[in-house]
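Trainee: As given, the protein sequences belong to chains A and L, one line each in that order. Residue numbering for the first sequence follows our numbering, starting at 14 and increasing by one per position. Residue numbering for the second sequence follows our numbering, starting at 1054 and increasing by one per position.
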Amino acid sequence: MNELIDILEELKPGINYETTENLIDGRYLDSLTILSLISEIEDEFDVEIPAVEIIPNNFNSAEKIYNLIQKLKNE
Amino acid sequence: MNEIFSKYYNLIFLLVVSFNNLIPKKIRSIFYLIISLLFFYIMSGKLIIYLLITITSIYISALLINKVEEKQNSSKKIKSLILIVCILINLAFLIVFKYLKFFTISTNSILSILGINFSFNILKFVAPIGISFYTLQGLSYLFDVYNKKIKAEKNFIKVALFISFFPQIMEGPIARYEETSNELYKNKNYTYDSFCFGMQRVIWGIFKKMVIADRLNIVVKTVFRDYQIFSGPFIFIGAMCFTIMLYMEFSGAMDVVIGTGEIIGVKIPENFRQPFFSRNISEFWTRWHISLGKWFKNYIYFPVSLSKPVKKINSKVKKMFGRKVSTLVSSGIALFVVWLLNGLWHGAGLTFILFGLYHFILIFLGNILKPYIDKRISKFSNNKLFKVLQNFKVAILVIIGELIFWSLNVKALFIMLSKLFTEFTIDKASFVKLGLDIPDCIILVLSLSVVFIVSLLKEKNINVREEIAKKNIIIRWSLYYILIFSIILFGAYGPGYQPVEPIYADF
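1. Which of helix, strand or coil does DSSP assign to Trp1341(L)?
2. What is the DSSP secondary structure of Tyr1411(L), reduced to helix, strand or coil?
3. Going by beta carbon distance, what residues of the same chain come within less than 8 Å of Asn1161(L), once the five residues before and after it are set aside?
4. Tell me the DSSP secondary structure of Thr1157(L) in three-state form.
5. Give the straight-line distance between the Cα atoms of Phe1417(L) and Glu1123(L), rounded to the nearest whole angstrom.
6. I'd like to know whether the C-beta atoms of Ile62(A) and Leu85(A) end up nearer to each other than 8 Å.
7. Does the separation of the CB atoms of Ala1448(L) and Arg1268(L) fall below 8 Å?
8. Between the alpha carbons of Glu76(A) and Thr32(A), how many angstroms are there, rounded?
9. Are the C-beta atoms of Glu53(A) and some chain L residue less than 8 Å apart?
10. Taking only runs of the alpha helix (DSSP H) that begin and end inside the region 1160-1219 of chain L, which ones reach a length of at least 4 residues, in chain order?
11. Would Ser1358(L) count as contacting chain A if we go by Cβ distances under 8 Å?
12. Given a threshold of 16 other Cβ atoms within 10 Å of its Cβ, counted over all protein chains shown, does Met1096(L) qualify as buried or as exposed?
13. Give me the Cα-Cα distance between Leu1189(L) and Ile1087(L), rounded to the nearest whole angstrom.
14. Does Ile20(A) come within less than 8 Å of chain L when only Cβ atoms are used?
15. Quick one: does Pro26(A) have its CB under 8 Å from some CB of chain L?
16. At a CB-CB cut-off below 7 Å, which residues of chain L make contact with Glu48(A)?
17. Tyr1354(L): which of Lys1371(L), Lys1320(L) and Leu1394(L) sits nearest, CA to CA?
18. I want to see whether chain A comes within less than 8 Å of Phe1389(L), judged by CB atoms only; does it?
19. Could you work out which residues of chain A lie near Phe1355(L), taking near to mean beta carbons separated by less than 7 Å?
20. Are the C-beta of Leu85(A) and some C-beta of chain B separated by less than 8 Å?
21. Taking all protein chains shown into account, decide if Glu16(A) is buried (16 or more other Cβ within 10 angstroms of its Cβ) or exposed.
22. Candidates Phe1260(L), Phe1277(L), Ile1083(L) and Ile1343(L): which alpha carbon is nearest Tyr1534(L)'s?
23. Just the C-alpha distance for Ser1165(L) and Ala1482(L), rounded to the nearest angstrom, thanks.
24. For Phe1295(L) and Asn1270(L), what's the separation of their Cα atoms in angstroms?
25. How is Asn1420(L) classed by DSSP in three states: helix, strand or coil?
26. Starting from Gly1396(L), trace the alpha helix (DSSP H) in both directions and tell me its first and last residue.
27. Whose CA, out of Ile47(A), Glu34(A) and Val60(A), lies closest to the CA of Lys25(A)?
28. Can we say the region 1389-1407 of chain L touches the region 1144-1156 of chain L, given the rule of at least three CB pairs closer than 8 Å?
29. Distance check for Ile1317(L) and Asn1063(L), CA to CA, integer angstroms please.
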């Protein structure tokens, strides 16, 4: 989880990723940032995030992104 | 004639409002479906057959995809084959109805340039109204089933109603199944409150269309038809009027659509969020025609940027130039595809393709320059004057985009663009030629000021209708009467006026 928060803070600083739960719905992360995030996650966690998983429910908080990574790792 | 504002829509609207609460809840979905198909039949006649084929093909394909998945040795190839066949059936209709003429003319021109003495017959068919909207909406349901985001719906009526729901079918918004399916089958009775709130929204939409858009239509028609007699400033006024007209016509239609839904208890997603308060062009497209932008983002932008070939390019670029550049490249490829399709979705013609490419260049350049610009402007980002300047910058870029969009042809576009930068004469005679008199201008300024104030309040998260509802009966009804009577007294109808012809419904 800490690695993920580091990535998020590097890509888009100034957001409290521990508490924010509307990263997509609140328009904190735009499409370009999401692409950068996916690229970093795929390198760091050795998973492949398919386009169909890019939905607000998977990206609205750091915890949800982390859960998605865990789910994809277990698949 | 604009379908959402037509007398036929009024008739259907009256039918629904009159009988909604009387129809038993169990069969209310069937009632909505019959009404929706009746509306479509009135507007498009026998072409309803194409809508029915779209509904049936999507319904069956989604069920088949689910069936293949349920089998133990489910084959991805068969699933993909079903998806592709269904997409091809529906795209074939779109191509024949919307693009055949354009492609035939383009092919004939290429053959002629190559010196080949052969040309194809030019065929042009009348398209079913709203084909671009209901096709995208239907396909989004199919894609979501294919991607296992939702289960295929067994009830044919539910799928048919989702694709053909009468307020949405002509001009959207293009909803996702999970967004509106539950809303459509809540089968609520309307109440005094839902009726009042919904009607307010409907009347607000009619005000925007009849008082503002139809009045601006006079200027737009004149400038875009007789562009050769106007100098740069008047071309700009014409493009600005078209931009405002398009916004008022389309967002007004959305007010009628969403208001109709509110009356019968169906929540329809918003399609506009004060677009002219955007600070850059990327943001503008997340506030204007929101549902189309989301469709392209979900089904084109992310799938293209995360596709295998683009990922290969991405990893090569990443090794050479690092993550920032590689993300820009992936995003650039996807953006190019999105904006090419976005241009073509709006119409078959070179001007529409150029409109798409213009936005691709603006957004792509914006993405490249963003880190440098952000650094330089960060200290002003909360400055109100700076925000207003950014809003003006966006407005000017959008107006130029709409000039490309609405030009008669490429030749007219280049003449108009060159006049913008070379001819600066302002004369009284040209003002007269625009076709608006002083009362028209006063009405426009006043009504646009009202729209601006309402938008400003909405931007500040103030719900205008709820605020009005809190006021006493005299203030409340005075405001309602002012709105209704301004439509009756100042609506641009009768001799000398022509209502805006369908712009979005024709896409």
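Every residue, glycine too, gets a C-beta built ideally from N, C-alpha and C.
Mentor: On the basis of the data shown:
1. By 1-based counting over the second sequence, the position of residue 1341(L) is 288. Shown here, Trp1341(L) sits in coil according to DSSP, grouped into three states, outside any helix or strand.
2. As a position in the second sequence, residue 1411(L) is number 358, starting the count at 1. Correct three-state label for Tyr1411(L): helix.
3. Locating residue 1161(L) in the second sequence gives position 108, counting from the first residue. Taken in chain order, the residues that qualify are Ser1172, Phe1173 and Ile1175.
4. For the purposes of this step, residue 1157(L) is taken as the residue at position 104 of the second sequence. The DSSP-derived three-state label of Thr1157(L) is helix.
5. As a working mapping, residue 1417(L) is identified with position 364 in the second sequence. As a working mapping, residue 1123(L) is identified with position 70 in the second sequence. So the two alpha carbons sit approximately 42 Å from each other.
6. Stepping through the first sequence from its first residue, residue 62(A) is reached at position 49. Stepping through the first sequence from its first residue, residue 85(A) is reached at position 72. Going by C-beta atoms, Ile62(A) is nearer than 8 Å to Leu85(A).
7. In the second sequence, the residue the question calls residue 1448(L) occupies position 395. In the second sequence, the residue the question calls residue 1268(L) occupies position 215. Their beta carbons are not under 8 Å apart, which means Ala1448(L) does not touch Arg1268(L) by this criterion.
8. Sequence index remark: in the first sequence, residue 76(A) carries index 63 (1-based). Sequence index remark: in the first sequence, residue 32(A) carries index 19 (1-based). About 9 Å.
9. Here residue 53(A) corresponds to residue number 40 of the first sequence, with the count starting at 1. It does: the Cβ of Glu53(A) has a partner Cβ on chain L nearer than 8 Å.
10. 1184-1199 and 1209-1217
11. Numbered from 1 along the second sequence, position 305 holds the residue referred to as residue 1358(L). Output row for Ser1358(L): interface = yes.
12. Along the second sequence, one-based indexing puts residue 1096(L) at 43. The residue in question, Met1096(L), is buried, as its Cβ has 16 or more Cβ neighbours within 10 Å.
13. Looking up residue 1189(L) in the second sequence gives position 136. Looking up residue 1087(L) in the second sequence gives position 34. Whole-angstrom Cα-Cα distance: 22 Å.
14. Counting from 1 along the first sequence, the entry for residue 20(A) is found at position 7. With a threshold of 8 Å between beta carbons, Ile20(A) makes no contact with chain L.
15. Here residue 26(A) refers to the residue found at position 13 of the first sequence. It does not; no Cβ of chain L falls within 8 Å.
16. If you number the first sequence from 1, residue 48(A) lands on position 35. It is worth fixing the name first, because residue 48(A) is Leu in this sequence and not Glu. Chain L residues near Leu48(A): Ser1358, Thr1380, Ser1383 and Ser1384.
17. Locating residue 1354(L) in the second sequence gives position 301, counting from the first residue. Answer by Cα proximity: Leu1394(L).
18. Position 336 of the second sequence, counted from the start, is the residue given in the question as residue 1389(L). So, not an interface residue.
19. Here residue 1355(L) refers to the residue found at position 302 of the second sequence. The contacting residues are Ala64 and Ile67.
20. The chain inventory of the structure shown lacks chain B, comprising the protein chains A and L.
21. Taking the first residue of the first sequence as 1, we reach residue 16(A) at position 3. By the neighbour-count rule (16 or more Cβ atoms within 10 Å), Glu16(A) is not buried but exposed.
22. Your numbering for residue 1534(L) matches position 481 in the second sequence. Residue Phe1260(L) is the option with its Cα nearest to Tyr1534(L).
23. By one-based count along the second sequence, residue 1165(L) stands at place 112. By one-based count along the second sequence, residue 1482(L) stands at place 429. Those two C-alpha atoms are separated by around 43 Å.
24. Reading the second sequence from its first residue, position 242 is the one you call residue 1295(L). Reading the second sequence from its first residue, position 217 is the one you call residue 1270(L). Looking at the two C-alpha atoms, the distance is approximately 7 Å.
25. Here residue 1420(L) refers to the residue found at position 367 of the second sequence. Correct three-state label for Asn1420(L): helix.
26. In the second sequence, the residue the question calls residue 1396(L) occupies position 343. Arg1376 to His1399 is the span of the alpha helix (DSSP H), which, as asked, contains Gly1396(L).
27. Position 12 of the first sequence holds residue 25(A). Among Ile47(A), Glu34(A) and Val60(A), the Cα nearest to that of Lys25(A) belongs to Ile47(A).
28. yes
29. Here residue 1063(L) refers to the residue found at position 10 when the second sequence is read from its first residue. Here residue 1317(L) refers to the residue found at position 264 when the second sequence is read from its first residue. For Asn1063(L) and Ile1317(L), the distance between alpha carbons rounds to 15 Å.
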